[in-house]
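Undergrad: The opening residue of the sequence shown carries number 18 in the numbering used here; numbering runs sequentially from there.
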Amino acid sequence: PGVFADCVKALVTYQLDKNKRGLAERWLLGEDLQDEELSELGINSVVEEDDVCLAMIKIITENLDRVLILYFDELESPYRMHGEIAEQKLLEILKRLYNEVKSLVIVVAVLKEIWPRILEIADDPLR
18 PGVFADCVKA
28 LVTYQLDKNK
38 RGLAERWLLG
48 EDLQDEELSE
58 LGINSVVEED
68 DVCLAMIKII
78 TENLDRVLIL
88 YFDELESPYR
98 MHGEIAEQKL
108 LEILKRLYNE
118 VKSLVIVVAV
128 LKEIWPRILE
138 IADDPLR
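1) Could you check what DSSP says for residue 123 in three-state terms: helix, strand or coil?
2) Rounding to the nearest angstrom, what Cα-Cα distance links residue 90 and residue 110 in this structure?
3) Within 10 angstroms of the Cβ of residue 141, are there 16 or more other Cβ atoms? Answer buried if so, exposed if not.
4) Where do the ends of the alpha helix (DSSP H) carrying residue 86 lie?
5) Sorted by chain position, which residues of the same chain lie with C-beta nearer than 7 Å to residue 60's C-beta, five sequence neighbours on each side aside?
6) Got a sec? Which residues, its chain only, sit under 6 Å from residue 145 by beta carbon, not counting five neighbours each side?
7) Could you compute how far the alpha carbon of residue 92 sits from the alpha carbon of residue 54?
8) Is it true that the CB of residue 139 sits closer than 7 Å to the CB of residue 108?
9) On a CA-only basis, which of 19, 63, 52, 80 is nearest residue 46? Give me that one, please.
10) Leaving out five residues before and five after residue 85 in sequence, what residues of the same chain have Cβ atoms less than 7 Å from its Cβ?
11) For residue 29, count neighbouring C-beta atoms within 10 Å of its own C-beta (all shown protein chains included) and say buried if the count is 16 or more, exposed if not.
12) Only counting the same chain, and skipping five residues up and downstream in sequence, which positions put a Cβ closer than 6 Å to that of residue 131?
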């Protein structure tokens, strides 16, 4: 049930239902679908929701026989574009990924002069 069910349903539909494959692909790629299209897929969520993204990453990593590497470049961009709250939200998401997803390596790149600010706002577990 819940977001995992939507992710699995979209993946299964993509693989097995040639008539709905394009629609499932659009959902998996994060396109905005109309309510009727979501209903046709039998899905209630959108990929942009944090929990759906996390569920999708978990499904992928649990079914790979390799480690997944996520690389985040310009970690300072959320702060520069949207302020401190956006930066804190990104750090919380990174922490959640680290804590909840197995077989995952997270690599971040940030300007050298920005790194002290990142460390200052990050809580102890994230450091």
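Ideal placement from N, C-alpha and C gives every residue a C-beta, glycine not left out.
TA: Considering the structure as presented:
1) strand
2) 15 Å
3) exposed
4) Unbroken run through residue 86 is the beta strand (DSSP E), 85-89; no alpha helix (DSSP H).
5) 23, 26, 27, 44
6) In the structure as shown, the chain begins at 18 and stops at 144. Residue 145 is therefore absent and cannot be evaluated.
7) 35 Å
8) yes
9) 63
10) 77, 78, 120, 121
11) exposed
12) 93
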